[in-house]
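Per my numbering, the very first residue in the sequence shown carries number 2; after that it's consecutive. Ideal placement from N, C-alpha and C gives every residue a C-beta, glycine not left out.
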Amino acid sequence: MNILVTGAAGFIGYHVSRALLARGDTVTGFDNLNDYYDVGLKRARLEQLRLFGGFTFVKGSLEDAAAVGALFSGRPFDRVIHLAAQAGVRYSLTHPGAYVQSNLVGFMNILEACRYARTPHLAYASSSSVYGLNTRQPFSVHDNVDHPISLYAATKKANELMAHSYAHLYGLPTTGLRFFTVYGPWGRPDMALFLFTKAILAGQPIEVFNHGKMRRDFTYIDDIVQGVVRTADRIATPNPAWDAAAPDPGTSPAPYRVYNIGNHTPVELDRFIAAIEENLGRKAIRHYLPMQPGDVPATCADVEDLERDVGFAPATPLETGIARFIEWYKEYYGA
């Protein structure tokens with residue numbers, strides 16, 4: 002297939018693009034290469050993708066409607082996998098405008114381009130952050146998520162609503178994927194595994210929020226990629242049993258679906274840090290801090306729908322995934 006992957010220089014976008022290229026698809030990668038984190042890392046990911054003959058990179062911004070429209074002016078895309086966004090809960094507290102432009106204006110431009118190009122299927126990144134104040138676990142796509150506690154989460158919830166309106170109005174098949182704490186080689190430098198590894202190797206203290214009692218559904222990148230690719234392959238269809246008197250938030254009479262994509266095995270932060278220490282052969286200097294604004298104490302994904310519909314089966318134990326990340330980190334940075 003001919004596939005557009007936005008955010009191809011990003012962590013998940015790189016790995017998804019690599020998997021698609023490895024199976025023989027043609028991939029157009031789109032990314033603005035912003036400096037939210039190390040641009041050199043983004044460029045290094047792109048260099049890896051350029052080793053495949055079927056990869057083309059286009060630099061541009063989602064909020065530039067003309068640039069997004071130009072992407073769709075050539076050969077039609079069989080799939081659009083939209084992974085580009087302004088990420089990060091804490092960054093949204095200080096830079097809200099970046100989220101409005103990238104996650105709202107940018108997503109609208111993608112929807113409009115897919116609408117006019119009659120794209121067969123749009124799969125896009127949502128986030129476990131949309132669960133906000135929900136406390137019933139595991140988190141289910143069939144529960145309402147109307148109480149986000151960060152602007153980042155609010156923009157991701159808005160993406161799901163926008164996608165539904167286009168699925169309903171124009172018959173555009175859309176599938177949203179709520180990612181749960183993705184980690185692995187080539188990961189994001191602003192995330193815990195990267196920050197902790199760097200600090201421990203440097204003999205510097207690490208910041209451990211909620212006094213180490215945070216629980217996260219850490220999901221290894223290879224498992225995430227499996228879910229993304231399989232979901233993109235399976236075009237969203239209407240749910241004929243949907244009942245307007247008792248509406249199911251996860252499905253619709255339109256060609257619209259939302260899935261959780263996680264490991265379904267939450268881990269306490271202290272165990273996560275212990276696995277890093279074991280692989281590095283060094284102890285962390287832990288600086289315990291209270292919960293931060295916008296954070297939730299625990300996440301756990303109900304992935305039953307994704308398992309049933311596409312055969313999603315996360316299979317990477319935490320200790321294995323951390324070992325693979327640290328092996329990559331040492332090689333990449335010469336640590």
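Close beta carbons around S128, own chain, < 8 Å, minus the five adjacent residues each side
The answer, listed in chain order, is Y153, A154, K157, R179 and F180.
Unbroken beta strand (DSSP E) run spanning S128, endpoints
Secondary structure note for S128: its beta strand (DSSP E) is the uninterrupted segment L123 to S128.
Of the choices F56, V142 and G70, whose alpha-carbon is the least far from that of Y257?
Looking at the Cα atoms, V142 is the closest of the given residues.
Less than 8 Å separating the beta-carbons of M163 and L123?
No. Outside cutoff.
Euclidean distance between Cα positions of I323 and G177:
Using only the alpha carbons, I get a separation of about 27 Å.
For R235, I'd like the list of residues in its chain whose CB is within less than 6 Å of its CB, leaving aside the five on either flank, ordered along the chain.
Taken in chain order, the residues that qualify are V311.
Flag this pair as touching only if the segment 77-94 and the segment 49-60 have three or more C-beta atom pairs under 8 Å; answer yes or no.
Too few Cβ pairs lie closer than 8 Å, so no.
Reference A316; option with closest CA among D224, V259 and Y289:
Comparing Cα-Cα distances from A316 to each of D224, V259 and Y289, the minimum goes to D224.
With 16 as the cutoff for other CB atoms within 10 Å, does N145 come out buried or exposed?
Under this definition N145 is an exposed residue.
Short check: CB of G1 to CB of L173, under 8 Å?
Not covered by the structure: residue 1. The range shown for the chain is 2 to 336.
Between which two residues does the beta strand (DSSP E) carrying H288 extend?
Following the DSSP letters along the chain, one finds H288 inside the beta strand (DSSP E) bounded by residues I286 to Y289.
Could you check where the alpha helix (DSSP H) with Y153 kicks off and where it finishes?
Residues L152 to Y171.
As an exercise, report each continuous alpha helix (DSSP H) stretch of at least 4 residues that is fully enclosed by the segment 246-275, in chain order.
Restricting attention to alpha helix (DSSP H) runs no shorter than 4 residues, the segment 246-275 encloses none.
Is the beta carbon of H165 sitting closer than 8 Å to the one on A68?
For H165 and A68, no; Cβs fall outside 8 Å.
Quick one, which of P97, V40, S93 and M109 has its alpha-carbon nearest D65's?
Comparing Cα positions, the closest option is M109.
State yes or no: is the C-beta of Y15 within less than 8 Å of the C-beta of R51?
Not a contact, by the Cβ cut-off of 8 Å.
Look up E208 in the DSSP assignment and say whether it is helix, strand or coil.
DSSP places E208 in strand when its eight states are reduced to three.
Span separating the alpha-carbon of H148 from that of T136
If I take the Cα positions, the gap works out to 11 Å.
Could you check what DSSP says for K43 in three-state terms: helix, strand or coil?
DSSP places K43 in helix when its eight states are reduced to three.
With a 10 Å radius around its C-beta and 16 neighbouring C-beta atoms as the bar for buried, classify T1 as buried or exposed.
Only positions 2 to 336 of the chain appear in this structure, which leaves residue 1 out of reach.
Starting from N135 and walking both ways along the alpha helix (DSSP H), at which residues does that stretch end?
Run containing N135: none; DSSP gives neither H nor E here.
Straight-line Cα distance separating E278 from R287
Cα to Cα, R287 sits roughly 11 Å from E278.
Consult DSSP for G177 and reduce its assignment to one of helix, strand or coil.
The three-state reading of DSSP puts G177 in strand, counting E and B together.
Could you tell me if Q293 is buried or exposed, where buried requires 16 or more neighbouring beta carbons within 10 angstroms of its beta carbon?
It is exposed - the Cβ of Q293 has fewer than 16 other Cβ atoms within 10 Å.
With distances taken between CB atoms, is the gap from F219 to V268 smaller than 8 Å?
Cβ distance < 8 Å, so F219 and V268 count as in contact.
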